[in-house]
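Below is one structure, written out as structure tokens, with a few remarks after it.
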Amino acid sequence: MIFEQVATGGCQSYLLGCSETSAAVLIDPEISQIDHYLALATRDGLRLRYLIDTHTHADHFSATRQLARQLAVPVVMQRASPAPFVDMPIGDGEMIIVGKLRIRAIHTPGHTRDSMCLQVEDRLFTGDTLLIGATGRTDLPSGDPQALYDSLFERILRLDPELKVFPAHDYKGRQSSTIGQEIASNPRLQKRDRAAFVDMMQNLNLSMPTHVTEALRTNMSGGKSVAQLLAEAAARVPFMSLAELRARVEAAAEDLIVLDVRERDAYEGGHIPGARLLPRGQLELRVNQELPDPTRRILTCCELGYVSTLAASTLREMGFLHTVALDGGMQAWRAAGYPLTQGREA
Ligand SMILES: [Fe+2]
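Quick note: the sequence shown uses the UniProt record's numbering, first residue 1, plus one each step.
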């Protein structure tokens with residue numbers, strides 16, 4: 001088996017490939033690592049055949065949906081997954097065959113209702129059901145400590161103690177453990193009595209993961225995160241640096257329309273000399289009056305540089321093919337001590 005483990009912050013993703021046939025599967029991919037996974041697969045001579053999420057993640061952005069579109073391969077999740085883009089729902093005890101590899105799904109609800117562990121040869125990919133020295137939490141949507149108790153004590157911990165455990169998370173840089181090691185030393189598994197285990201899980205008082213609402217929204221719907229929208233827009237537009245723009249403003253360059261897409265009060269509080277105001281919220285509807293010549297060179301700016309990137313992308317899409325965005329925003333422009341005009345333009 002060809003095996004790659006990719007850590008992103010505390011998230012762990014796994015690329016498994018069949019060394020005989022070059023077919024491969026990716027488990028729990030994360031959105032920021034798409035190029036990394038594809039580069040690894042290429043380096044190892046692998047062709048991805050399936051994308052698997054071990055459960056609906058609440059703490060990071062899954063890349064399965066995007067990769068599935070990009071590569072035209074199916075997304076696999078447990079049958080209980082609410083995500084509408086799952087191409088191949090899989091039930092307890094079922095297998096996916098990837099070349100000569102057999103990937104067996106074990107339904108392990110508890111952390112979420114749709115959690116599953118995946119057994120491949122001597123390895124068990126435990127998702128967030130069993131972590132190294134911990135277990136998945138049960139206080140997020142569809143979590144259930146009673147179900148987690150059953151999944152752990154009735155299913156997973158009865159497997160071969162030699163099985164290597166590869167979890168979906170590890171925050172301490174560890175790569176794997178074994179079932180036997182976890183039974184012996186995992187503090188959460190020392191509460192072997194059901195009531196004591198459930199009581200412990202209900203009183204962990206963990207803080208909510210960052211981006212929980214956004215992660216659930218995107219992972220359950222296949223929709224895009226804010227960061228994804230911004231990255232896609234940024235990939236479609238060229239940028240100009242603050243210093244370059246300043247030089248052009250000071251030279252009173254006529255060839256560039258600086259378009260400030262903030263609201264009027266922010267614009268009047270201080271804008272780049274010569275900049276025109278066209279708030280982002282009115283962009284599409286007023287663009288024909290404000291910018292009659294689509295061949296002009298336009299630079300969009302806003303407070304932080306995000307909204308202006310979206311605006312530049314929209315303008316390019318509308319045919320303003322010479323639109324660029326400012327690399328940075330008015331906050332950075334002010335901090336650099338660059339010139340400002342207050343009020344309206346004369
Ligand atoms: Fe999770």
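A virtual CB, placed ideally from N, CA and C, is assigned to each residue, including glycine.
All values reported here derive from a predicted model rather than from experimental measurement.
Exposure of residue i, with buried meaning 16 or more beta-carbon neighbours within 10 Å
| i | result |
| --- | --- |
| E232 | exposed |
| N203 | exposed |
| N288 | exposed |
| T42 | exposed |
| N219 | buried |
| residue 347 | Residue 347 falls outside the range modelled here, since the chain spans only 1 to 346, and no answer is possible. |
| L101 | buried |
| P109 | buried |
| M77 | buried |
| S221 | exposed |
Cut-off 8 Å between Cβ atoms - residues of its own chain near residue i, not counting five sequence neighbours on either side
| i | result |
| --- | --- |
| L230 | Y306, T309 and L310 |
| residue 347 | With the chain covering only 1 through 346, there is no way to say anything about residue 347. |
| I183 | L157, P161 and L189 |
| R47 | S22, A23, A24 and A41 |
| G269 | Q342 |
Residue i: CB within 7 Å of a non-hydrogen atom of ligand 1
| i | result |
| --- | --- |
| A168 | yes |
| D92 | no |
| D44 | no |
| G136 | yes |
| A58 | yes |
| H107 | no |
| H322 | no |
| H211 | no |
| D53 | no |
| H111 | yes |
| D128 | yes |
C-beta contact flag for residue i and residue j at 8 Å
| i | j | result |
| --- | --- | --- |
| L130 | L163 | no |
| R36 | V6 | It is worth fixing the name first, because residue 36 is His in this sequence and not Arg. Yes, the pair counts as a contact, with Cβ atoms nearer than the cut-off. |
| M116 | G127 | yes |
| V324 | F239 | yes |
| C11 | E30 | yes |
| S62 | D114 | no |
| L159 | L206 | no |
| A54 | D28 | As written in the sequence, residue 54 is Thr, which differs from the Ala given in the question. Yes, the Cβ-Cβ distance between T54 and D28 is below 8 Å. |
| L16 | V120 | yes |
| Y14 | F166 | yes |
Beta-carbon contacts of residue i that lie in its chain and below 6 Å, excluding the five residues immediately before and after
| i | result |
| --- | --- |
| R297 | D255, L256 and H322 |
| E263 | P279 |
| T300 | L259, V261, S308, A311, A312 and A325 |
| L315 | T323 |
| D92 | H107 |
Cut-off 7 Å between Cβ atoms - residues of its own chain near residue i, not counting five sequence neighbours on either side
| i | result |
| --- | --- |
| E303 | R262, A266, G329, M330 and Q331 |
Closer than 8 Å to chain D by CB, residue i
| i | result |
| --- | --- |
| G17 | No chain D is present in this structure, which holds just one protein chain. |
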